[in-house]
Amino acid sequence: MDYVTVLQEGTVEIFETMVMLPIVLQHVTEHADSKLTDARVTGMIGFGGTIKGMIGVSATADMAKIVTGSLLGMEIADLDDDVKDAFGEIAHMIAGALKSACGEHGIDIDLAIPNSVVGDCLHISGLRGAKRVVLEFTASAGKLWIELKYLEA
Amino acid sequence: MDIKNKIVESTKEIFSTMVMMDVTVVDQDPAARQAIKDGISGIIGLAGTHKGVLAIHIPAPVALAITGSFLGMEVEEINEDVEDAVGELANMLGGNVKTILSDNGRDIELSLPTTISGTNYDFQTAKDVEVTALAFATDTGTFSVELQLER
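As they're listed, the protein sequences go chains A and B. The working numbering numbers the first residue of the first sequence as 1 and each following residue consecutively. The working numbering numbers the first residue of the second sequence as 1001 and each following residue consecutively.
Shown next as structure tokens:
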């Protein structure tokens, strides 16, 4: 299965129809240790089954406020609970897109529940041996990263 | 079934047999409820009949001591060894929780563990979850273990 295409199409669609903020894929980094040093917010969700892994949605501070504001239809001044909720929810939606694409390929996965984190100098790491794909998207306000880490059984 | 006591038992067992460190449960508000100033968290998702997240939040000095004891070497900063050790702790705790929640761990799948480290960060759980949070003491300081389960 082409995870990059699934994530790209799923993310673009979710941003167009749910967040109401079109975003553009800039580049894809595969299987490298990526440090998202500018990320201030991350929403993430784990999944298990035939493949197990984790999906993370991270953004710069400005981007996080615009995305949340657009999703909720209100002005967002700080990286507050609304931002954390929004990023948890977006991670959940993107994982849902991955789950249904996996289902079409006969790969069965189940989703956990999302968590989100806001902070300084965040560094996210995966499990040694897991595959990792990072898609970098931009909108006018800044950058957003979708990260998939997975291990095929 | 008392999940709280079983998590305490599992945590103590993992620390005494794998990390080679004795920990005691302490009666204090677990760190997860506040912003974490400088530390690392290990997180693993549970999916299937029970959906949730198991997280362990460890202040930096405690994480260094735990990793040092786990690997039998001196660790001076939050590096890949510490991330691996904390991810592995989340994985082991998740494995035990899976067995606690479901007969022999069937019907629950674990995700991959992830670690997050930073100088000042703050977690938010999903809504409508039941949270069991516990604080543990080591010689270097306290850390917390948190289980969130969807209602």
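Think of the CB as a built atom: it goes at the ideal place given N, C-alpha and C, for glycine as much as any other residue.
Beta-bridge pairing by DSSP links B:PHE1143 to B:PHE1136.
Closest by C-alpha distance to A:GLY56, out of B:HIS1057, B:GLU1076 and B:ILE1044, is B:ILE1044. Residue state for A:ILE45 is assigned as strand, using DSSP reduced to three classes. With contacts defined by Cβ atoms closer than 8 angstroms, B:LYS1051 and A:ILE113 form a contacting pair. Excluding residues up to 5 positions away in sequence, ILE45 and PRO114 lie with their Cβ nearer than 6 angstroms to the Cβ of A:HIS92 in the same chain. Residue-level contact check: A:ARG128 touches chain B, since one or more beta carbons of chain B fall below 8 angstroms from its beta carbon.
Taking a C-beta distance under 8 angstroms as the contact criterion, B:VAL1008 and B:LEU1147 do not qualify as a contact pair. Bounds of the beta strand (DSSP E) holding A:ASP120 are 115 to 120.
A direct Cα-to-Cα measurement between B:GLY1048 and B:VAL1026 gives close to 31 angstroms.
Among the CB atoms of chain B, one or more fall inside 8 angstroms of the CB of A:HIS123.
Of all residues in the segment 37 to 66 of chain A, only THR42, MET44, ILE45, GLY46, PHE47, GLY48, GLY49, LYS52, GLY53, MET54 and GLY56 come within less than 8 angstroms of chain B when Cβ atoms are compared, listed by chain position. In this structure, A:VAL24 places its C-beta atom within 8 angstroms of the C-beta atom of A:THR138. Here B:ARG1106 is exposed: its Cβ has fewer than 16 other Cβ atoms, across all protein chains shown, within 10 Å. Listed along chain B, the residues sitting closer than 8 angstroms to A:GLY88 by beta-carbon distance are GLN1124 and ALA1126. Comparing alpha-carbon positions, the option among B:LEU1064, B:GLU1150 and B:ASN1091 lying closest to B:MET1021 turns out to be B:LEU1064. In the DSSP assignment, A:LYS52 falls within the unbroken beta strand (DSSP E) covering 51 to 59.
Chain A has no Cβ within less than 8 angstroms of the Cβ of B:GLY1039. For A:ALA112, the chain B residues whose Cβ falls inside 7 angstroms of its Cβ are GLY1045, LEU1046, ALA1047, LYS1051, GLY1052, VAL1053 and SER1111, in order along the chain. The beta-carbon of A:LYS131 is placed no less than 8 angstroms from the nearest beta-carbon of chain B. Annotation for B:SER1102: GLY1048, THR1049, HIS1050 and ILE1108 place their beta carbon closer than 8 angstroms to its own, counting only its chain and skipping 5 residues before and after. Within the same chain, Cβ atoms closer than 7 angstroms to the Cβ of A:GLN8 are found at LEU25 and LEU135, the five residues on either side in sequence being excluded. Residue environment for B:ASN1079: exposed (fewer than 16 other C-beta atoms within 10 angstroms of its C-beta). Listed along chain B are LEU1112, each with a C-beta nearer than 9 angstroms to that of A:LEU151. A straight-line Cα-Cα distance of about 11 angstroms links B:GLU1077 and B:GLY1039.
With respect to A:ARG132, A:GLU147 sits close: the two C-beta atoms are nearer than 8 angstroms. In the three-state reduction of the DSSP assignment, B:LYS1012 falls in the helix class, which pools H, G and I. At least 8 angstroms separates the beta-carbon of A:ALA86 from that of A:LEU98.
Scanning A:GLY10, A:MET20, A:GLY53 and A:PRO22 for the CA closest to the CA of A:ILE109 turns up A:GLY53.
Counted as a single uninterrupted DSSP element, the alpha helix (DSSP H) harbouring B:THR1099 occupies residues 1080 to 1101. Buried is the label assigned to A:GLY126, since at least 16 other Cβ atoms lie within 10 Å of its Cβ. When DSSP states are grouped into helix, strand and coil, A:GLY88 belongs to the helix group. With respect to the C-alpha of B:ILE1116, the residue from B:GLY1087, B:ASP1002 and B:GLU1074 having the closest C-alpha is B:GLY1087.
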